[in-house]
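Contents: one structure, followed by commentary.
Protein chains: 4
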Amino acid sequence: MKACVVGASGFTGGELLRILLQHGGVEIVCATSRKFKGEYVYRIHPNLRGFTNLKFVEPSIDAALKADVVFLALPHGESVKWVPQLYEHGLMVVDLSADFRLKDPNAYVEWYKWPQPHPYPDLLKKAVYGLPELHRDELPGAKLIASPGCTATASIMALAPLAKYGLLGPLPPVVDVKMGSSGAGAEGSVLDMHSHRTYVIRPYEPVHHRHAAEVEQELSRLARREVRVAYTPHAVDAVRGILSTAHVFTERDVDEPTLWKAYRAMYGDSKFVRIVKDKLGLARYPNIKYVLGTNIVDVGFEIDPRMRRIVAFSAIDNLVRGAAGQAVQAFNIAAGFPEDQGLRYIPPHPI
Amino acid sequence: MKACVVGASGFTGGELLRILLQHGGVEIVCATSRKFKGEYVYRIHPNLRGFTNLKFVEPSIDAALKADVVFLALPHGESVKWVPQLYEHGLMVVDLSADFRLKDPNAYVEWYKWPQPHPYPDLLKKAVYGLPELHRDELPGAKLIASPGCTATASIMALAPLAKYGLLGPLPPVVDVKMGSSGAGAEGSVLDMHSHRTYVIRPYEPVHHRHAAEVEQELSRLARREVRVAYTPHAVDAVRGILSTAHVFTERDVDEPTLWKAYRAMYGDSKFVRIVKDKLGLARYPNIKYVLGTNIVDVGFEIDPRMRRIVAFSAIDNLVRGAAGQAVQAFNIAAGFPEDQGLRYIPPHPI
Amino acid sequence: MKACVVGASGFTGGELLRILLQHGGVEIVCATSRKFKGEYVYRIHPNLRGFTNLKFVEPSIDAALKADVVFLALPHGESVKWVPQLYEHGLMVVDLSADFRLKDPNAYVEWYKWPQPHPYPDLLKKAVYGLPELHRDELPGAKLIASPGCTATASIMALAPLAKYGLLGPLPPVVDVKMGSSGAGAEGSVLDMHSHRTYVIRPYEPVHHRHAAEVEQELSRLARREVRVAYTPHAVDAVRGILSTAHVFTERDVDEPTLWKAYRAMYGDSKFVRIVKDKLGLARYPNIKYVLGTNIVDVGFEIDPRMRRIVAFSAIDNLVRGAAGQAVQAFNIAAGFPEDQGLRYIPPHPI
Amino acid sequence: MKACVVGASGFTGGELLRILLQHGGVEIVCATSRKFKGEYVYRIHPNLRGFTNLKFVEPSIDAALKADVVFLALPHGESVKWVPQLYEHGLMVVDLSADFRLKDPNAYVEWYKWPQPHPYPDLLKKAVYGLPELHRDELPGAKLIASPGCTATASIMALAPLAKYGLLGPLPPVVDVKMGSSGAGAEGSVLDMHSHRTYVIRPYEPVHHRHAAEVEQELSRLARREVRVAYTPHAVDAVRGILSTAHVFTERDVDEPTLWKAYRAMYGDSKFVRIVKDKLGLARYPNIKYVLGTNIVDVGFEIDPRMRRIVAFSAIDNLVRGAAGQAVQAFNIAAGFPEDQGLRYIPPHPI
């Protein structure tokens, strides 16, 4: 298949190129960048030196139409300008922005400050939320995939088994997220500079973070009732990686076998999810260190009987599982490739 | 005054030496270390090279009795062997272990796995919990100061104004703590090695962490009712620093002026507490980066009206405000020195 | 082919397992560890969770003899006890220690403080120094491969084209090496702890470092005269990665085309070497950041006409190209696999 | 005395404010910033919150003339526009740019690409190169102090005893420098972003770096002959800190007592220089970790008899000893304060 990456000079675009270059079933026919058009891709993504002589081209619908599948790695609010045309031309579109993630057109007014509700409510309905472990059945043949947000992916994966199997309790889960700097993108503000961003532990948009909307949408669907979350991200000193910690107060005491059963029922068949809960060894809970560079999701949990609380954890690489890798995983299922094609990689250790 | 630091080869002991060397009103008459006795202090604390020619001596009650004040930087369970004798001899004792922090003798069985309740319940009663912003009135002339735990200090400071002014709500606060590696001490396990501890975000004793006991004791006192907390620390990639994030669900809507009033009432006169809540500038919330090397506590908060939630933050340097600095601050008040003697220092930026 | 990894619980052993698990042409029949025998491999190498259910076994010749190829990831001085027996049994042996790297039996007395010259001078002669770009012709069918040291690999690769093409000049090159912490292994000293090893730039064995012996041996061979190097490693705050900077004073002025020609002649056909010398883009010289997790060697250079100096650079991942990856690369050639089997991987960016 | 900091919003300006606020003998009467005029200083330097309510003002000669001493923390090429007027008005000027460091007016054409030689050769003569350990006698009463460059400070300090006492040898020293990111200033390029600058070891302007000119000037003066250096800086993953490693080939064998004598003769009386060369303990050579936040210079050396080489080391904090601290140290001597006023501070450990 022929693929085009639109917005290929950012971190997510670079990771899409990297993964697709190793995919084997895909040919990259265009990589767009307004700012760097005409430049070798490896000058902006130095890791790709020696692996491709591709150059960036001016972004345009025409360029994209040469492809069978288009990956949109554009800012929120930009993808919505591209998707309808590409969709009408029958291309498969994998959108990594938020523009087609929320099913409720009005949610874009509340969470993304759009002046109007989403202009394409029909496309919203057709879009598949591209978290494969939750929407695997909807993906084969899908023409529009809305790839989930990075912290949302981690948070949903930590909580999904609890939501699905009635273990959430009536109180809203507190979701406390810790994340690295690469989520800010390749061109950040002064606070993203090394001097300012190193040796940091601080809140980042601690209330009303936009990913909460996705988390609530997906958990509500699984729980078959409205679920709300108290969502607070933090910035810590790492380039990649997200750890989501979810604090859940249950209605009654829950024991470990019940939780094991729920997590295994949900993820037992998954190629990418590892349940990390050990009493021995170096890693007893999820840790970003052991998933870096991969599409793996490490989930785990602990029970706090004193507080009648479950603490659930999820660790991902935000640029792979939180963005480019998950997009390719969903594309693989949609296009009929093995789910893990291009994504089989054991992380190095230590790193 | 003459001071002795018992357990001076650890990180906390080293920071005590550093602060006391700059104090001006204190002469260090002994620094003990069983392992390094006879060795120059600066060989183990290379920062002290050029500032002192002190050598470590064998720990002994006799050595300590040369001093007017003894700082015990010993492991939990060790201090309790030293305190009664020193106390009987009339010395001032500042204990940086947990051995005299909890008022309830039985709490040591539950939280510290002691086989018996605390053997000196009378001394427990006399001990002042050395968090000066909360116990300033009890400190002057105190003979036994139990210096608080590092994550407990941060967590209590974030929540104290809410507890004191009736803003906690009936649900237990969720306290999600992020901390650096130096809390593990100068001689750690394999997981404390650089290769294993770098590029890490992971839970650390995510349920039933012992500092919860202190936090509950102090918040209950302030709130004049029993308060329990859902307490979960995490390890992140930093040497120093703790950020405590407390999620509080309130009974009714709370507005910003009410919170400002509570935090100002509690901390307005403090020499060390800064309320960080800005809409402009580089630091809008507490961040460990801006308190490193100091005794400062940065506290802040945000309101989440959608969830009827307050998120309260506190950032400290665990070795200074979470240990040695706070111990000297409490000592200063107890001994009649200005509260900030030896502790006036503006942190460097960036670091 | 069947492979055994002896000394599989260390970092190098772990990386060998990781690479071999992805190799496709190799079955791992044993992974030995005295300390962790009976334990799941993934408990010590948490990255391998989900990829293997292998358990560590007691190290023994008998266990190793089940394999066709044995990778020895043992401390210096230990391999020499294993190699002769394995060799006699006709196995292929890839030794990652220093025990068979130096051709001169007496060199072990000088550089490794052995009480006697090397006891197996005949095996020393048969051993191939496993730096494939320099010894590719000797590798096919080799039965004993001495895999190079990590900083030696980087330093030799930076200087090899200058040595081979007569550009070294009569003065000894100054080789100033910067390296991460993982070279210290999985069980380090107190100075390898995160608290002590973070925020560090310091010399590490700044004179008479043992890798100098390998560098001199290989450069002398290429230059067909005795070459000595002034060798000084440093520790910097990174887990992985080595940058070697070689300062070479030339006899006469040298221009860029001459250097390009030398580097291209040496490395133009290599699957793993990239010549990094750009005037545009984000990476104009080698940088560890762009080779992490891979077997790639980035080399580059700059001319300083004022000082009649060439500065040559080389960046590698010490655990892959400096150890496990290079060992597999050499094994591939020796055993008839494609040189890059199991080692084709584009590094993630940023990391 | 009244002081003005011109260019107060950068990192060096911020550190000047921090040090002067703790000085005791200086009142800050203005802190200028074109970009942030009218803004509270602590919004840009969050460390200063609670220590000053100063606001930035528009930079102007008139504002500066209110002061007795003006610290110019301006870019190279800007200070030269300010100095003559301030000097004529009789103010003391401490210039932290390079504009008055080099005695040869033509050197600015070669090293700083000025189109013409320096326009104020008379002021160049009057300017004192503000490295106090080398120019202490010229500083009292000085009206124009040219504060040294950061990597130049470290490199000169490592080599000065060798230059002064005839130990340099005829070959140019190779000076290999490793430095943190804060030298790039508060507003950097894309390569200064956390994602791009973390996990980095790479060359930075590896030939013809401008600080070489200062190093050569000062070493030549001490050696009473022309000394040239082969100078190569590197960027490593640290915010602060410079380690300079100088490789010196001597004419004849040199022993340790000779070197100890030279370093002690040069630095024995210094309040800020520590000679670090131990066989025991945690720090056997200079290391940035133990000088962070201070004006201390740790120097050390090792002899490599095999290569007839001395390796000399120097570790500093680039923003304190490499900029603001050294400027205040020189100012103190010039103005008659104790040399270490405002600069007495023992670094924390570990950090």
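Quick mapping for you: the protein sequence lines, in order, are chains A, B, C and D.
The numbering used here puts the first sequence at residues 1 to 351.
The numbering used here puts the second sequence at residues 1 to 351.
The numbering used here puts the third sequence at residues 1 to 351.
The numbering used here puts the fourth sequence at residues 1 to 351.
In this text, a Cβ means the ideal position worked out from N, Cα and C, and glycines have one as well.
In this chain, the beta strand (DSSP E) harbouring I316(C) covers 309 to 316. Apart from sequence neighbours up to five positions away, the residues of its chain that approach L139(C) with a beta-carbon distance below 8 Å are V128, G130, P132, I145, A330, I333, A334, ordered along the chain.
F56(C) is positioned such that its CB atom lies no closer than 8 Å to that of A73(C). Between P347(D) and chain C, the shortest Cβ-Cβ separation is not below 8 Å. For chain A, none of the residues of the segment 294 to 308 of chain C brings a beta carbon within less than 7 Å of one of its beta carbons. Annotation: S33(C) to M92(C) spans about 20 Å, alpha carbon to alpha carbon.
When the beta-carbon positions are compared, P59(A) and V6(A) come within less than 8 Å of each other. R43(B) places its beta carbon less than 8 Å from that of L280(D). The C-beta of H247(A) has 16 or more other C-beta atoms within 10 Å across all chains shown, which makes the residue buried.
Annotation for I145(D): no alpha helix (DSSP H) segment contains it, though the beta strand (DSSP E) segment containing it runs 144 to 146. Residue burial annotation: N106(A) is exposed, with fewer than 16 other C-beta atoms found within 10 angstroms of its C-beta. At least 8 Å separates the CB of L16(C) from every CB of chain A.
Legend: CB atoms of the segment 262 to 288 of chain B lying less than 8 Å from CB atoms of chain D belong to residues R274, V276, D278, L280, G281, L282, A283, N287.
The three-state secondary structure of A335(C), taken from DSSP, is helix.
Relative to the Cα of L168(D), the nearest Cα in the group T250(D), A265(D), E339(D), R308(D) belongs to T250(D). Between V297(C) and M157(C), the C-beta spacing is below 8 Å. Distances from the CA of D95(A) to each of P338(A), C4(A), S244(A) were compared; the closest alpha carbon is that of C4(A). Within chain C, the residues placing a beta-carbon under 8 Å from that of L21(A) are I346, ordered along the chain. Taking all protein chains shown into account, G293(B) has 16 or more neighbouring C-beta atoms within 10 Å of its C-beta and is therefore buried.
For Y290(D) against P347(D), the beta-carbon gap comes to about 6 Å, under 8 Å, which counts as contact. In the assembly as shown, R321(B) is a buried residue. Its beta-carbon has 16 or more other beta-carbons within 10 Å. Unbroken alpha helix (DSSP H) runs of no fewer than 4 residues, entirely contained in the segment 159 to 230 of chain B, are found at 194 to 197, 211 to 223, following chain order. Within the segment 45 to 126 of chain B, the alpha helix (DSSP H) runs of at least 4 residues that lie entirely inside it are, in chain order, 61 to 64, 79 to 88, 107 to 112, 121 to 126.
Within 7 Å of the CB of H45(B), the CB atoms of chain D belong to H349, in sequence order along the chain.
Comparing alpha carbon positions, the residue from R228(C), L102(C), A312(C) closest to Y112(C) is L102(C). Counting only the Cα atoms, K126(B) lies some 14 Å from P119(B). F56(A) has a beta carbon lying at 8 Å or more from every beta carbon in chain C. With the criterion set as a beta carbon lying under 9 Å from some beta carbon of chain C, the members of the segment 310 to 327 of chain D are V311, F313, A315, in sequence order. Taking the beta carbon of L171(C) as reference, the chain D residues within 9 Å of it are L171, F249, listed in sequence order. The C-alpha of R252(A) lies about 30 Å from the C-alpha of A160(B).
Judged by DSSP in its simplified three-state form, F249(C) adopts strand. Residue range 2 to 6 is occupied by the beta strand (DSSP E) that includes A3(D). Short of 6 Å from the beta carbon of R228(B), and not among the five residues preceding or following it, lie these beta carbons of its own chain, in chain order: P172, E216.
Residue state for S155(A) is assigned as helix, using DSSP reduced to three classes. For A235(D), DSSP records a beta bridge to M179(D), R202(D).
Non-local beta-carbon contacts of G77(B) in its own chain, meaning distances under 8 Å to residues more than five positions away in sequence, involve S97, D99, Y112, W114 in chain order.
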